[in-house]
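Remarks on the structure that follows.
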Amino acid sequence: MTGTEEVGAADAALLRDLRRMWTAADPAPADLAERVMFTLALEDLEVELAQLQEQSLAGARTAAAETATSITFHASQLTVLLTVQAAGAGADGTPLRRLDGWLAPGAALAVEVRAGDRTLHAEADADGRFALDGVPAGLVQLRIQPGGPLLRAVVTPAVQV
């Protein structure tokens, strides 16, 4: 097929069967479109995209006996360590998270956390520590604004919290 011929009934049936087979064997993640759009929504191309370096269970326990998750991002100018813990639920029942972060090298910088259609703001202290309560569970992306030793913004890939 060159792409210009019409698909016959037998070919269409075969393609439907292949689609069903692959959908059952290896379905696309339910939130794939959301992840792609979230990642492509960078407002400014003058940023450095940090790489996910490590994601693990930190071993620390929350009051609800849930394990905290530790995520590390690395960019040429900055390393971001993020610890995620369950933090109850919102009024509408949405699970909430607490994010504790550290920037290395430490610097007082503005941090944005994009969570769905919301953008939350935090200020890292001089040691690079920041915290945010009430972050809705789901995909989040961090953007660390330039300032001090950071010459351009650093944006992390979207991760599930």
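Under our numbering, the first residue of the sequence shown carries the number 776, and numbering increases by one thereafter.
Even glycine gets a Cβ: it sits at the ideal position worked out from N, Cα and C.
All of these numbers come straight from a predicted model, not from anything done at the bench.
Excluding five sequence neighbours on each side, which residues of the same chain lie with their C-beta closer than 8 angstroms to the C-beta of A882? So the qualifying residues of the chain are A899, A901, G903, G922, G923, P924, L925.
If you compare alpha carbons, which of T854, G909, A787 is closest to G863? Per the C-alpha coordinates, the member of T854, G909, A787 positioned closest to G863 is G909.
Following the continuous alpha helix (DSSP H) through R873, name the residue where it begins and the one where it ends. R873 -> not in any alpha helix (DSSP H); beta strand (DSSP E) instead, spanning 870-879.
What do you get for V855, buried or exposed, if any count of 16 or more other CB atoms within 10 angstroms of its CB means buried? With 16 or more Cβ atoms within 10 Å of its Cβ, V855 is classed as buried.
Alpha carbon of L807 to alpha carbon of L914, nearest angstrom: Inter-residue distance for L807 and L914 is about 11 angstroms (C-alpha atoms, whole angstroms).
Where the alpha helix (DSSP H) containing A897 begins and where it ends: Taken as a continuous stretch (DSSP letters only), A897 belongs to no alpha helix (DSSP H), being part of the beta strand (DSSP E) at 893-898.
Roughly how many angstroms separate the alpha carbons of L871 and A799, rounded to a whole number? Their Cα atoms are separated by approximately 32 angstroms.
Output the distance between the C-alpha atoms of Q935 and W877, rounded to the nearest integer angstrom. 18 angstroms
For V824: DSSP bridge partner residues: Looking at the sequence provided, one finds Leu at residue 824 rather than Val. Residue pairing by DSSP puts L824 in a beta bridge opposite V930.
Roughly how many whole angstroms lie between the Cα atoms of A885 and A803? So the alpha carbons of these two residues sit roughly 35 angstroms apart.
First and last residue of the alpha helix (DSSP H) that includes L789? 784-800
Quick one: give me the first and last residue of the beta strand (DSSP E) that D959 is part of. With the chain running from 776 to 936 in the structure shown, residue 959 is simply not present.
Around the Cβ of A911, are there at least 16 other Cβ atoms within 10 angstroms (buried) or fewer (exposed)? According to the sequence provided, residue 911 is Pro. The question's Ala does not apply to it. The residue in question, P911, is buried, as its Cβ has 16 or more Cβ neighbours within 10 Å.
Within its chain, find whatever has a CB closer than 7 angstroms to the CB of Q828; leave out the 5 residues flanking it on each side and keep chain order. T847, F848, H849
Can you tell me the Cα-Cα spacing of D792 and D801, whole angstroms? 14 angstroms
Is it right to say T894 is buried, meaning 16 or more other beta carbons lie within 10 angstroms of its own, or is it exposed? exposed
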